[in-house]
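K.L.:
Residue numbers (our numbering): 41 to 108.
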């Protein structure tokens with residue numbers, strides 16, 4: 041989604057008075073977790089083992105200890 045929004049959206053959310061939301065759940069991938077951290081202005085280390093585990097399918101964001 042973040043790499044190529046046109047693959048998922050036929051119009052930009054802003055063009056219809058909306059904004060893009062990316063769901064972060066226990067099944068979130070690493071890129072979704074990082075995007076949410078950046079959106080929220082939360083500092084992070086991209087080599088943090090908790091982030092490395094996110095998106096592997098075994099634990100996701102819930103298991104990595106992130107509270108978003």
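All C-beta atoms, glycine included, are put in the ideal place defined by N, C-alpha and C.
Determine the DSSP secondary structure at residue 56, reduced to helix, strand or coil.
P.N.:
helix
K.L.:
Just checking my contact of residue 64 with residue 76 at CB under 8 Å: how many whole Å lie between their CB atoms?
P.N.:
5 Å
K.L.:
Would you mind reading off the limits of the alpha helix (DSSP H) that contains residue 80?
P.N.:
70 to 80
K.L.:
Given a threshold of 16 other Cβ atoms within 10 Å of its Cβ, counted over all protein chains shown, does residue 89 qualify as buried or as exposed?
P.N.:
exposed
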